[in-house]
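Reviewing the structure listed below.
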Amino acid sequence: MPPHSDTGSEISLPSSVSSNSIAHPSNPPITPRKSRKQPDSIRLDSIGVDPDDIVGKVLVRIRRSPTHPAVTLHFADNTTYQVRVDGYDPVHRGIPKELEMNSLLVPLFKPPSGQVDVRLTVTHARMVKLKDTAHEWSERSESRWNVEHLALALKFAEEPGWHCVWATMAEYDGDFGPCTFRSFEDVYLAELQSSSRKRRSPQKQARPPHGGGVQAMR
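For the sequence shown, this note's numbering gives the first residue as 579, with consecutive numbering after it.
Here it is as structure tokens:
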């Protein structure tokens, strides 16, 4: 069943957008007892700007941050936006967070050089609700629970299908050990204001959304 947008309308996203195929360590006994307090329910109302703001814009460059879970989108009209993870703090990072995406978006959001020049017209952009399975594992027990979270779905005039990006957070047992905890977070879209725009109208700057301001994460 395809995920629903925040307006309640169904959209057809590729099946790879589901993250339910998480690789679990083999043969751990499942128990309802959880050693970690489960996080509060994720807020399913988006922060940041309305993704509809970028519909009709021509995307000319994409840059993935080498140090933060963020992707910067540069448009032909000299506006710039970033895809970010709600609650991520560059100073106090907590559980490592990462942007994940379906296979259609990997060449754009994970280019080998870290950035790629493109010319793609955004025809659709919206937040969608995904439902995935989080888990916590130890040698003695395993716990699983469902998590709803917000993802960003995009369509381009020049490419087929929906392109979808979401956020995960995970911990591992050492550098090469199994995943001991994996869950999901919301993503949101933030507009980055240039210094010239700030100087022209400083009193009109929007209040920074929770989890990040209007400055770029490099």
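By construction, the Cβ of each residue, glycine as well, lies at the ideal position given by its N, Cα and C atoms.
Kindly indicate which residue of the options has the alpha-carbon position closest to the one of residue i.
i, options, result
"Val694", "Gly665, Trp744, Ser761, Leu651", "Leu651"
"Met679", "Gly672, Arg718, His741", "His741"
"Leu708", "Ile632, Val633, Asp764", "Asp764"
"Ser716", "Val633, Pro685, Pro690, Gly752", "Gly752"
"Leu637", "Ser719, Leu732, Arg718, Val684", "Leu732"
Would residue i be called buried (16 or more neighbouring beta carbons within 10 Å of its own) or exposed?
i, result
"His727", "buried"
"Pro674", "exposed"
"His670", "exposed"
"Phe687", "buried"
"Lys615", "The predicted model places Lys615 with a pLDDT of 45, which falls under 50 and marks its position as unreliable; any figure quoted below should be read in that light. That one is exposed."
"Arg697", "exposed"
"Val743", "buried"
"Asp664", "buried"
"Arg704", "buried"
"Tyr766", "buried"
"Pro581", "For Pro581, the predicted structure reports a pLDDT of 42, less than 50, and the residue's modelled location is therefore unreliable. A value from the coordinates is still provided. So Pro581 counts as buried."
"Asp655", "exposed"
"Glu714", "buried"
"Phe754", "exposed"
Please look up how many angstroms separate the CB atoms of residue i and residue j, rounded, as I've assumed it's under 8 Å.
i, j, result
"Thr746", "Phe759", "No, Thr746 and Phe759 are not in contact; Cβ-Cβ is about 11 Å, not under 8 Å."
"Pro629", "Leu730", "6 Å"
For residue i, collect the residues of the same chain with a Cβ closer than 8 Å to its Cβ; drop the 5 residues on either side in sequence, then sort them by chain order.
i, result
"Gly692", "Arg641, Arg642, Pro644"
"Val649", "Ile640, Arg641, Arg642, Ser643, Gln660, Val661, Leu677, Phe687, Val743"
"Lys635", "Phe653, Ala654, Asp655, Thr657, Thr699, Val700"
"Val633", "Val700, Thr701, His702, Ala703"
Grab me the residues of residue i's own chain with a C-beta within less than 6 Å of its C-beta, minus the 5 sequence neighbours each way, in chain order.
i, result
"Glu676", "Pro647, Thr746"
"Ala735", "Thr699, Thr701"
"Arg639", "His652, Asp695"
"Tyr750", "Cys757"
"Ala748", "Cys757, Arg760"
Near residue i, what residues of its chain come up, given a Cβ to Cβ distance below 7 Å and the 5 sequence neighbours on each side ignored?
i, result
"Gly672", "none"
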